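Residue numbers (UniProt numbering): 1 to 190.
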Ligand code: GRF
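Rendered as structure tokens:
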């Protein structure tokens with residue numbers, strides 16, 4: 001199966017996925033890393049793996065539809081079969097959703113349906129929950145609403161700072177995302 005990762009920033013999830021593909025823990029080909037920020041650190045990480053890295057920005061296009069058309073063309077050019085969002089900070093538009101029905105996966109740093117949106121870790125922390133976590137789900141037309149594939153829980157200690165909680169969440173993400181992607185790929189190949 002041919003996978004693309006879409007990421008906007010740091011790219012720690014991209015890196016564990018790329019490493020898991022390299023180590024054959026995910027039995028797939030990583031055929032494209034795309035970032036919608038030309039200066040995103042994820043592109044530096046991408047250089048360590050011999051895969052095509054592409055980047056362009058929404059502001060370089062007249063509107064979001066033409067930006068997504070260009071992105072869709074890249075995905076088609078690379079014959080991508082599964083799109084993996086790893087810190088991709090944009091809503092997926094209609095044309096991409098139609099081209100990849102139930103073939104776009106996202107990771108969200110909270111236990112959905114709780115704390116959707118941009119600040120899942122901070123929102124859970126400020127709500128004072130004792131438990132939060134990570135959700136991996138298929139992407140649909142809503143924001144963080146698609147069918148849930150897997151969740152990992154993280155307990156919040158009274159002494160945890162927000163930064164402590166972020167560290168714990170990312171540790172669970174880095175373990176869970178490669179595992180779940182491996183399962184998705186194996187199931188699709190059967
Ligand atoms: C992760 O917390 C992910 O859940 C969220 O964005 C963050 C991306 O982190 N969607 P990184 O860029 O993979 O380090």
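For glycine and all other residues, C-beta sits at the position ideal for the given N, C-alpha and C. Given the structure is predicted, the values throughout are model-derived calculations rather than measurements.
query: C-alpha gap between residue 155 and residue 61, whole angstroms; result: 43 Å
query: Residue from 170, 189, 183 and 100 with nearest C-alpha to residue 133; result: 170
query: Rounded C-alpha distance that separates residue 31 from residue 122; result: 33 Å
query: Outcome for residue 112 when other beta-carbon atoms lying within 10 angstroms are tallied against a minimum of 16; result: buried
query: Outcome for residue 192 when other beta-carbon atoms lying within 10 angstroms are tallied against a minimum of 16; result: Residue 192 lies beyond the range of the chain shown here (1 to 190); nothing can be said about it.
query: Contact belief for residue 136 with residue 107 at Cβ below 8 Å, rounded distance in angstroms; result: 5 Å
query: Residue 172 - DSSP class collapsed to helix/strand/coil; result: helix
query: Residue 86 to residue 175 span [Cα, whole Å]; result: 13 Å
query: Option in 65, 127 and 78 with minimal Cα separation from residue 110; result: 127
query: Span of the beta strand (DSSP E) around residue 153; result: 148-155
query: Cβ-Cβ separation, residue 104 to residue 139 (assumed contact under 8 Å), whole Å; result: 4 Å
query: Burial state of residue 146, where buried means 16 or more other Cβ atoms lie within 10 Å; result: buried
query: Presumed contact (8 Å Cβ cut-off) between residue 34 and residue 82, rounded CB distance; result: Actually they are not in contact, since the Cβ atoms of residue 34 and residue 82 sit about 13 Å apart, beyond 8 Å.
query: Nearest-angstrom Cβ-Cβ length linking residue 84 and residue 5, presumed shorter than 8 Å; result: 5 Å
query: heavy atom of ligand 1 below 7 Å from residue 124 C-beta; result: no
query: Neighbourhood of residue 124 by C-beta, 6 Å cutoff - its chain only, sequence neighbours within 5 removed; result: 110, 115 and 132
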